[in-house]
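Number of protein chains: 2
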Amino acid sequence: MKTMGIGELYLVEPKRFPDPEADVRATGAVDVLQRASVVGSLDEALNGCVFAVAMSARQRDLGPAVGQPRETVARLLVEAGEGQVALVFGNETVGLSNEDVLRCQAAVSIPTDPAFSSLNLGSAVQLLCYECRMTAFAGRPPVAGQGVTPFASPAATADETEGFFRHLETVMTATGFFNPEQPGRLLPKLRRLFGRARLERDEINILRGILSATQSQTGHGRKG
Amino acid sequence: MKTMGIGELYLVEPKRFPDPEADVRATGAVDVLQRASVVGSLDEALNGCVFAVAMSARQRDLGPAVGQPRETVARLLVEAGEGQVALVFGNETVGLSNEDVLRCQAAVSIPTDPAFSSLNLGSAVQLLCYECRMTAFAGRPPVAGQGVTPFASPAATADETEGFFRHLETVMTATGFFNPEQPGRLLPKLRRLFGRARLERDEINILRGILSATQSQTGHGRKG
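Chains as they are written, first to last, in our numbering: chain A, 2 to 225; chain B, 2 to 225.
In structure tokens:
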């Protein structure tokens with residue numbers, strides 16, 4: 002939950018707390034455990050909450066309809082405009098009781114493969130917290146390194162690109178790979194390839210360097 | 002991965018395999034481990050793959066642009082129409098090397114809280130497999146054309162692409178343009194360029210044809 006920017010944890014009647022094993026497993030998120038509120042009942046945990054979503058692998062007879070994570074989290078965030086909201090998880094073994102689910106205004110299930118649906122508790126928490134973060138940031142939360150242009154050098158200009166194509170054609174003709182009398186679709190295909198790549202100026206220089214080196218070898222001389 | 006309906010696992014040079022601890026942790030998914038393919042290199046794992054996405058917490062200098070999970074997975078599923086695709090994860094401690102990332106056509110990062118971004122490997126795998134399942138069953142399959150190049154010919158597989166890079170290196174070395182003793186950043190730059198283009202099989206044939214023609218001229222003979 003901490004990796005997704007969520008820090009408020011309520012523990013309802015934990016068997017052991019604090020627990021050295023929990024601390025070890027939390028690694029860098031021990032502060033979340035240390036700040037956790039330990040309460041005696043789900044009612045107490047939900048005190049003051051305007052909207053609670055129960056994690057539930059199946060539809061309960063009288064429980065709220067079980068929704069998909071994305072739509073349910075979207076509603077959770079809308080309700081968060083009104084007051085505190087909560088995601089409610091049961092324990093690893095038996096999940097939430099019917100009574101617990103009925104204390105929540107919505108229920109959510111993660112659409113696992115029916116052939117193997119045993120998602121563990123940690124994974125379920127991870128996935129729902131991730132959906133909260135994705136939805137909170139409108140599907141585009143900041144990613145490390147984004148905004149940094151993936152292009153290291155300025156894009157090549159049209160004339161630079163054309164210079165490369167002429168150079169390539171010269172070399173291909175000299176080596177006999179390309180016959181200007183019977184051009185076929187070779188040149189358009191190469192334009193399509195390098196057009197997709199959106200060549201940079203440095204890359205043009207590298208490609209023309211390769212071509213020039215070939216020409217010095219074969220003694221055809223460089224031509225722009 | 003099994004909870005999300007994904008069953009094909011490749012392990013590159015695992016320290017221990019099979020490993021009793023891994024079996025215990027896998028609980029009901031031991032069959033995925035038992036069917037896992039153990040290989041000696043990432044190249045071997047990607048043999049036959051048309052599109053690979055590298056998990057990368059940060060943008061690498063020459064690596065593909067790091068995208069959001071949802072959009073990247075949408076593209077992965079489009080590419081899956083062309084052939085086998087892969088999600089590539091590094092180990093828990095150091096992640097993928099720059100070399101590994103450069104063997105992939107796209108990169109993805111999970112938008113964790115910058116204040117606490119240490120998502121463990123299991124969680125990262127869980128989240129991306131979940132996105133695959135959500136996208137695959139979203140009812141509105143991703144359409145080619147949005148940031149995705151529709152391919153006229155089958156996409157090149159990783160081994161075909163590696164064959165081209167070896168061929169190119171051979172020619173560049175023979176002509177003196179590339180000095181294997183002082184490689185600099187030439188090869189990564191070329192990988193980045195052609196990685197962006199997402200080569201097709203026909204294009205590989207054209208490019209290798211150009212290289213071979215050069216070699217017959219200079220009398221170096223062809224080498225794959």
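We put the beta carbon where it would ideally sit given N, CA and C, even for glycine. Here the structure is a predicted model, which is why all the values come from computation and not from measurement.
Under the three-state DSSP convention, the category residue i falls into
i: Cys105 of chain B; result: coil
i: Gln216 of chain B; result: helix
i: Gly8 of chain A; result: coil
i: Met56 of chain A; result: strand
i: Ala46 of chain B; result: helix
i: Thr150 of chain B; result: For Thr150 of chain B, the predicted structure reports a pLDDT of 40, less than 50, and the residue's modelled location is therefore unreliable. A value from the coordinates is still provided. Reduced to three states, the DSSP call for Thr150 of chain B is coil.
i: Ala27 of chain A; result: helix
i: Gly222 of chain B; result: Residue confidence for Gly222 of chain B is low, a pLDDT of 48 falling below 50, so the modelled location carries little weight; the figure read from the coordinates is stated next. Gly222 of chain B: coil per DSSP, three-state reduction.
i: Glu201 of chain B; result: strand
i: Asn99 of chain A; result: helix
i: Ala75 of chain A; result: helix
i: Gly210 of chain B; result: helix
i: Gly196 of chain B; result: helix
Residue-chain proximity (residue i, chain E), Cβ-Cβ < 9 Å
i: Asp101 of chain B; result: Among the chains of the structure shown, chain E does not appear; the protein chains present are A and B.
Listed by chain order, chain A residues near residue i by CB distance under 7 Å
i: Thr113 of chain B; result: Thr4, Met5
i: Glu163 of chain B; result: The contacting residues do not exist; Glu163 of chain B stays about 18 Å from chain A at best.
i: Thr215 of chain B; result: Thr176, Thr215
Terminal residues of the beta strand (DSSP E) in which residue i lies
i: Val13 of chain A; result: 11-13
i: Met135 of chain B; result: Premise fails: Met135 of chain B lies in the alpha helix (DSSP H), 122-137, not in any beta strand (DSSP E).
i: Val86 of chain A; result: 85-89
Local Cβ density within 10 Å of residue i, reported as buried at 16 or more and exposed below that
i: Phe18 of chain A; result: exposed
i: Glu201 of chain A; result: buried
i: Glu161 of chain B; result: buried
i: Val79 of chain A; result: exposed
i: Ala75 of chain B; result: buried
i: Pro65 of chain B; result: buried
i: Phe138 of chain A; result: exposed
i: Asp101 of chain A; result: buried
i: Pro189 of chain B; result: buried
i: Asp20 of chain A; result: exposed
i: Leu63 of chain A; result: exposed
i: Ala159 of chain A; result: exposed
i: Val109 of chain B; result: buried
i: Phe166 of chain A; result: exposed
i: Ala116 of chain B; result: exposed
i: Lys224 of chain B; result: Unreliable positioning characterises Lys224 of chain B in this predicted model, as indicated by a pLDDT of 44, which lies under 50. A coordinate reading is not provided.
i: Ala157 of chain B; result: buried
i: Gln60 of chain B; result: buried
Under 8 Å from the C-beta of residue i: neighbouring residues of chain B
i: Thr73 of chain A; result: Those within 8 Å of Thr73 of chain A in chain B number zero; the least Cβ separation is about 13 Å.
i: Leu78 of chain A; result: Near Leu78 of chain A there are no residues of chain B at all, since even the closest Cβ is about 16 Å away, more than 8 Å.
i: Tyr11 of chain A; result: Under the 8 Å cutoff, chain B gives no residues; its nearest Cβ is about 19 Å from Tyr11 of chain A.
Beta-carbon proximity of residue i to residue j, cut-off 9 Å
i: Arg71 of chain B; j: Pro112 of chain A; result: no
i: Ile7 of chain B; j: Cys130 of chain B; result: yes
i: Leu212 of chain A; j: Val172 of chain A; result: yes
i: Ser42 of chain B; j: Val13 of chain B; result: yes
i: Val126 of chain B; j: Leu97 of chain B; result: no
i: Ala58 of chain B; j: Ser118 of chain B; result: yes
i: Glu93 of chain B; j: Leu122 of chain B; result: yes
i: Ala107 of chain B; j: Val51 of chain B; result: no
i: Asp114 of chain B; j: Thr4 of chain A; result: yes
i: Ser38 of chain B; j: Leu10 of chain B; result: yes
i: Ala214 of chain B; j: Gly164 of chain A; result: no
i: Ala175 of chain B; j: Gln183 of chain A; result: no
i: Phe179 of chain B; j: Ala198 of chain A; result: no
Closer than 8 Å at the beta carbon, the chain A residues around residue i
i: Lys190 of chain B; result: Asp203, Glu204, Ile207
i: Met173 of chain B; result: Ile211, Ala214
i: Phe138 of chain B; result: Pro112
For residue i, the first and last residue of its enclosing alpha helix (DSSP H)
i: Val39 of chain B; result: Careful: Val39 of chain B lies outside any alpha helix (DSSP H), inside the beta strand (DSSP E) at 38-40.
i: Asp160 of chain A; result: 159-175
Contacts of residue i in chain A (Cβ-Cβ under 9 Å)
i: Gly82 of chain B; result: Within 9 Å Cβ-Cβ: nothing; Gly82 of chain B doesn't reach chain A, min ~18 Å.
i: Gly29 of chain B; result: Phe117, Ser119
i: Arg36 of chain B; result: Simply none; closest approach about 14 Å.
Amino acids of chain B, ordered along the chain, whose beta-carbon sits closer than 9 Å to that of residue i
i: Arg17 of chain A; result: Here the premise fails: no neighbours, minimum Cβ distance about 22 Å.
Closer than 7 Å at the beta carbon, the chain B residues around residue i
i: Ser110 of chain A; result: Simply none; closest approach about 12 Å.
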